[in-house]
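Visitor:
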Amino acid sequence: MLKLYGSAHSRALRVIWLAGELGLKYEHKEFLPRSPETRTTDYLALNANARVPTLDDDGFILSESMAINMYLAKKHKSPLYPADPKLEALCWQWSLWETDRLDRQIVDYVRNTVAEKPEDRDAAVAAAAWKQVQPAFDVLEGALAKSPWLAGPAFSISDLNVASALYRALSIDVSRWPKLDAWLRTCWDRPAAKKARAMREH
Ligand SMILES: N[C@@H](CCC(=O)N[C@@H](CS)C(=O)NCC(=O)O)C(=O)O
């Protein structure tokens, strides 16, 4: 039995999107970040970080959203997971790059500019985050100017992992990076992405 811990209001969003692409059935424990459910002894035994998402695949326990997506796509022999080791490596490269360069930064920027109530925003946090988001967006723009997809000739787990992590960028103006803008919207236009997004925004 496959079980996913983590609400669509968390980084589980990217796993929900992938599960939709793969047509997987799973039990969904919609735990919110920092909720009491993530602090129980049972949950801490699955994920000592007390964070979401966590995957339980018939007793195989995995955390880290990017690793979960790579695992599921590979295990289910998805066309989204390239067989060519070089393209596979590019998928790892972009997923790790996103985690390092943008994962926290884009959330900090968007929360402190548009997502939170004005009284809860911190302009200094937003400014510091934006300083990091801009060069990372330049890198993506450069890559997407050379190729419409991040790893190989078609949409892959690489695009899914990076675009899903950029969910927050959907609510800001990124037209300064036209390739990134178009790519992000194309990725999020996929039926599984729209379904995942609807779960978050309903
Ligand atoms: N690198 C981890 C990050 C997991 C993470 O930070 N999840 C957030 C929700 S999006 C969380 O559970 N936060 C709870 C906390 O900070 O205590 C991943 O990608 O899975």
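Residue numbers are given in the working numbering: position 28 of the sequence shown equals residue 139, and the series is strictly consecutive.
Note that the Cβ used here is the ideal one computed from N, Cα and C, for glycine as well.
1. CB of Arg222 to nearest heavy atom of ligand 1: below 6 Å?
2. Between which residues of its own chain and Leu133 is the CB-CB distance below 6 Å, once the five residues before and five after are set aside?
3. Between the alpha carbons of Trp260 and Leu183, how many angstroms are there, rounded?
4. Just the Cα atoms here: how many angstroms apart are Leu155 and Val163?
5. By Cβ distance, which residues of its chain are closer than 8 Å to Asp249, with the 5 residues on each side in sequence left out?
6. For ligand 1, is there a heavy atom less than 6 Å away from the beta-carbon of Pro246?
7. For a quick check, are the C-beta atoms of Thr152 and Tyr116 less than 7 Å apart?
8. Kindly indicate the opening and closing residues of the alpha helix (DSSP H) around Phe248.
9. Excluding the 5 residues preceding and the 5 following Glu209 in the sequence, name in chain order all residues of the same chain whose CB lies nearer than 6 Å to its CB.
Guide: The structure says:
1. no
2. His187, Ser189
3. 20 Å
4. 11 Å
5. Trp288
6. no
7. no
8. 234-257
9. Val273, Ala276
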